[in-house]
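Residues -36 to -1, 1 to 311 (mature numbering (1 follows the signal peptide of the UniProt record, and there is no 0)) make up the sequence shown, in order.
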Amino acid sequence: MASHRRPKQPSRARVSVLTAAAATAVALSAQVAAHAAPSPSPKKDDVKAQIDQLNEEAEQATEKYNGAKERADQLRKQADQLQDQVARGQEQMTQLQSGLAEVAGEQYRTGGIDPSVQLMLSSDPSGYLDKASSVQQASSSQAEALKGLQDQQRRLDQQKSEAAAVLASLDSTTKDLNQSKAEVNKKLKEAQDLLNSLSAADRAAVKAAQQQADRASRGSERTDLGSLPQASGMAGAAVANAMSKQGSPYVWGATGPTTFDCSGLMVWSYGKAGVSLPRTSQAQGNYGTRVPSLAEAQPGDLIIYRADRSHVGMYIGNGMVVHAPHTGDVVKVMKADAMPINTIRRV
């Protein structure tokens, strides 16, 4: 007869382990479900605000980059000049050292004879005295020249060392700024990806809102010079130059002739008119003379925007400016008071 054995009951320890494992599995399932659950769709207003903020940050970084690049270019030129001066000074010193060596040799050859004896033996005493005096004066003059050149070389070496140190610092700063710019571009891409994640209807609404804002800030799609007050001289030429670039793409760090950033458009427009402006909007905010208010602005005046002076446009009359807005946009006109005005400068 077959025997029936009673099933072995699990121990309390085994039951505890199984219970803990089951609890862990439930918790993990809950976490996975939470991650798998679709996140709330981004709001179109939030996306637009983020893009606007990133555009402003990108422009701030651009103007910092422009300033660092301008300083680096100036210092590179200064370093080249110092190196040329040092090379010329060393060549002059070599020539003088050679000349002094000849004089020293001559003095050595003649220095063993007492001057009074040489005077007695000389058939031309007055000629000897003149010669001796000339040699002494020449030696003294050359020694002074050598000392002066040595002092100059020390100064130039110090200047060269200082310029090299500043250049290295500026190059490092420029790299840092480029990295910051890359980070801003990354954020812009993230914002664009977020924009792409919106529904078709929301994307259309965001674009329509942007177009409406652009129309509100502009008098028309493309302002004609004929509808503006006439400006003369360099200011008039600068306005005409800037207006001729309507529709040209914004590219950070660009100064024309086909792409521009905000301060680059000012540099190019006035440069073609014969005026050399500083490279950055911050420096342009200190150039020329201050105009007290927008009501007193004249065509050609530079209008600097924001507390950090990170944007600039050129007043063209009728309450409008021409400017290069930001990445992804083109040179166009907008109302002069569409952004917070920091200062107005007359070139």
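Where a beta carbon is used, it is the ideal one built from N, C-alpha and C, also for glycine.
- Residue state for Thr291 is assigned as coil, using DSSP reduced to three classes.
- Take the alpha-carbon of Gly200 and the one of Leu266: they are about 13 Å apart.
- Secondary-structure assignment with DSSP links Arg310 through a beta bridge to Thr253.
- Collapsing the DSSP output to three states places Thr222 in coil.
- Setting aside the 5 residues that flank it on each side, Gln14 is surrounded in the same chain by Ala155, each with a C-beta closer than 6 Å to its C-beta; the list follows chain order.
- In the DSSP assignment, Met198 falls within the alpha helix (DSSP H) that extends over 197 to 207.
- Counting C-beta pairs closer than 8 Å gives fewer than three between the segment 208 to 218 and the segment 161 to 168, which falls short of the contact rule.
- The segment 270 to 280 and the segment 242 to 256 touch, with three or more beta-carbon pairs separated by less than 8 Å.
- 8 Å or more divides the Cβ of Leu229 from the Cβ of Ala300.
- Classified as exposed, Asp140 has fewer than 16 neighbouring CB atoms from the shown chains inside 10 Å of its CB.
- Separation of Ala25 and Met278 (C-alpha to C-alpha, rounded to the nearest whole angstrom) is 21 Å.
- Here the alpha carbon of Ala32 sits roughly 23 Å from the alpha carbon of Val311.
- Nearest neighbour of Gln122 by Cα position, chosen from Ala43, Asn160, Ala172, Ala132, turns out to be Ala43.
- Counting every other CB atom within 10 Å of its CB across the protein chains shown gives Asn250 a total below 16, marking it as exposed.
- Counting the other CB atoms within 10 Å of its CB gives Ser125 a total below 16, which places it among the exposed residues.
- In this structure, the CA atom of Val294 is about 56 Å from the CA atom of Gln114.
- In this structure, the CA atom of Lys153 is about 31 Å from the CA atom of Ala132.
- In the structure shown, Leu46 falls within a helical segment according to DSSP collapsed to helix, strand and coil.
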